[in-house]
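The next block holds one structure in the form of structure tokens; read it before the comments.
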Amino acid sequence: MENMDAKGNDRKHYRGIEKQTDNPFLNLYHIDALGRDGTPFHYYFASRNGENNIKHKTHSMRPEGMAVYAVTEDGEKNGAGASVPVSRE
265 MENMDAKGND
275 RKHYRGIEKQ
285 TDNPFLNLYH
295 IDALGRDGTP
305 FHYYFASRNG
315 ENNIKHKTHS
325 MRPEGMAVYA
335 VTEDGEKNGA
345 GASVPVSRE
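Numbering (this note's numbering) for the sequence shown: 265 to 353.
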């Protein structure tokens, strides 16, 4: 199971989620995330969904467009990726 550690104990991937902005159509969230080894790190994402309807709370697999890129401490971008749902009719 993906939420279990090597000893079979339940493991959370984050400690908390905080809404950073309050805009009508798109908002920024900060997650106090935990790495696989338990090391904390900051993770940010934007969502069009309301605070109680974000995927971390609903566990829904409904697609939502997103773009991700990493920035190093010296400000360099380390690649880019994008994931946008495509409707096939």
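The C-beta atom is built at its ideal place from N, Cα and C for all residues, glycine as well.
Among the options, the one whose alpha carbon lies nearest that of residue i
{"i": "Arg359", "options": "Thr303, Thr336, Asn313", "result": "The requested residue 359 is not part of the displayed model; the chain covers only 265 to 353."}
{"i": "Asn287", "options": "Ser311, His320, Asn316", "result": "Ser311"}
{"i": "Phe309", "options": "Arg300, Asp301, Ile281", "result": "Ile281"}
{"i": "Pro304", "options": "Thr336, Glu337, Lys276, Asp338", "result": "Lys276"}
{"i": "Leu290", "options": "Asp296, Gly302, Asn317, Arg300", "result": "Asn317"}
Under 8 Å between C-beta atoms of residue i and residue j
{"i": "Tyr278", "j": "Leu292", "result": "no"}
{"i": "Lys283", "j": "Glu328", "result": "no"}
{"i": "His294", "j": "His306", "result": "yes"}
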